[in-house]
Amino acid sequence: MNVDFIYAGIQQFTDIVKNEKKPFAPRVVNSQKCLRLGGSHIKDIELVGNDAYHHSFFEMLGNWSFGDYFKAEACAWAWEFLVHKLNIPPECLYVSYFGGNSANGLASDEESRKNWLNIGIPAERILPFGMKDNFWEMGGTGPCGPCSEIHYDRVGGRNAAHLVNTGDPMVVEIWNLVFIQYYREENAKLRPLSNKYVDCGMGLERLVSVVQQKVSNYDTDLFVPIFDVIQKCTAQKHKYQGRFGDSDKESIDVAYRIVSDHMRAVTVALADGIGFTNQQQKKSSRKIKELFKRATIYGSQVLGMERMSMHLMVPVIVEQLGETFPEMAQNKHKIADAVRIEEERLWKQRDDGMRHLEELFRNHPPTSKVFPGKFAFIIVQNYRIELELVKRKAAQRGLTVDEAEYHRLHAQKTMGSGLKIKEQKLKYGDIIQ
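The sequence shown finishes on residue 433 if you use this note's numbering, and the numbering steps up by one all the way, no holes.
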């Protein structure tokens, strides 16, 4: 499978569930590093920092059956692990199952419902849902099947059944048991598979928040040590307070979450050999550079972090993950050096860009109140400066950016990333007449 990053646990087993490759074992358990940095997961990046549980990097805990055990065992073992091994209160758990879909000719997954009843879960906490929530598909075609999810009520002591799958931050899915038993054909028809598979996925960060009885993944010991480093880099100006939405008016806590999350992702990617300037993986490197830039700018502009301090988070992140992923511990100093060099490069580019932007403003014709979109485009493309910053600086001088021209150039990609302002000479008379 040709992808930039692993974003789901099943990716490495796709050939097996497509029956294109024999499994190397009938049962597998794993912890998979996952990065979601764009594409179909672009919204995940936008949500990072704004809620309690989205991440650009996370560990997906998985247990798999390739034609071995099926629904009864998967349900029983999941319940045993959560309730009897991790001591999660059973009264805080709810389960969902596939309620059927007549359009696809699919009956309700009564087998899963009965499995949960046999385990001893009250019927009122076993809830049916449709295709959107409880039927997993790999894509337009391919293996698919019903799933049964386990949800946790962070509040407890109440009936929260009506909050399952509503997006309530206090009632969250913690484990998804996928039963791959169909194949979606090109004509959209479903046919039963000869071999049945189980794909159970559970995010470590969310599970840790449940076990440690925290209301947010960011309140756990996976993130608090990173927050401590961030606070020191702000000269103790801002302390993380766990606020969301309107209560975080200055976006201080949003910035804490973004910086810590993104630096975990950057550190993991660098340990796996995806450098900031990897010529063999240009697309992947570009995404890592953008993620690092986003973390650095949030840290500087919102939190007031000192320049050249981002690398100080690397040792803490490596200490947390290095035992599980030894390649991180082995490359700790190289990773920190790469981060330091990239931050130095980033600030130099931005400083050069701001000097050029100021020069453009000084030379702007006093009779025009419109700043050319072409100039804004070049500044953004070559100096890693955001359009919003250009617009804000222009507004301070009573100017508005020609965004229509900017977006047209951006869409057409008529200028290469190597285009330099000094090579263009940026003569206003050629554009404004």
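Each residue gets a CB set at the ideal place from its N, CA and C atoms; glycine is no exception.
Open item on the list: For Q320, tell me which candidate among L163, E186, F223, G156 has the shortest Cα-Cα distance.
Closed with: F223
- [ ] Less than 8 Å between the CB atoms is what I'm expecting for V302 and S251, so what's the real figure, rounded?
- [x] 6 Å
Open item on the list: Quick check for students: name the residue ranges of the alpha helix (DSSP H) that lie wholly in the segment 115-183, counting only runs of 4 or more.
Closed with: 131-134
TODO: Provide the residue span of the alpha helix (DSSP H) that contains P326, from first to last.
DONE: 326-330
Task: Pairwise C-alpha distance: D272 and E327 - done: 7 Å
- [ ] Take I317 and list the residues in its own chain whose beta-carbon comes closer than 6 Å to its own, dropping the five residues that flank it on each side.
- [x] R264, T267
- [ ] Within 10 angstroms of the Cβ of K374, are there 16 or more other Cβ atoms? Answer buried if so, exposed if not.
- [x] buried
Open item on the list: Please classify H311 as buried or exposed, where buried requires at least 16 other C-beta atoms within 10 Å of its C-beta.
Closed with: buried
Task: Backbone secondary structure at S108 - three-state DSSP - done: coil
Task: Rounded straight-line distance, which links the Cα of N104 to that of A434 - done: Nothing about residue 434 can be reported from this structure: the residues present for the chain run from 1 to 433 only.
Open item on the list: Using only the alpha-carbon positions, how far apart do V29 and D68 sit?
Closed with: 13 Å
TODO: Grab me the residues of A160's own chain with a C-beta within less than 6 Å of its C-beta, minus the 5 sequence neighbours each way, in chain order.
DONE: D153, V171
Task: R314 versus M60 - alpha carbon distance - done: Going by the sequence as given, residue 314 is Val instead of Arg. Distance between the alpha carbons of V314 and M60: 21 Å.
Task: Burial state of D253 (16 or more Cβ within 10 Å) - done: buried
Task: Assigned secondary structure, L321 (DSSP; H/G/I helix, E/B strand, else coil) - done: helix
- [ ] For Q412, write down the residues that DSSP places opposite it in a beta bridge.
- [x] Answer is none; Q412 lacks a bridge partner.
TODO: Could you name the residues of the same chain whose beta carbon sits closer than 8 Å to that of E386, not counting the 5 residues immediately before and after it, in chain order?
DONE: I297, V380
- [ ] Using DSSP bridges, identify the partner residues of C220.
- [x] According to the sequence as given, residue 220 is Thr; it is not Cys. According to DSSP, T220 bridges with nothing at all.
TODO: From the DSSP output, read off the bridge partner residues of C34.
DONE: F58
- [ ] Could you check what DSSP says for F361 in three-state terms: helix, strand or coil?
- [x] helix
Open item on the list: According to DSSP, simplified to helix, strand and coil, what is S96?
Closed with: strand
Task: Start-end ranges of the beta strand (DSSP E) lying completely within the segment 186-259, minimum 3 residues - done: 190-203
Task: Integer Cβ distance of Y389 from V370, believed to fall under 8 Å - done: Looking at the sequence provided, one finds Leu at residue 389 rather than Tyr. That belief does not hold up - the Cβ atoms of L389 and V370 are roughly 18 Å apart, past 8 Å.
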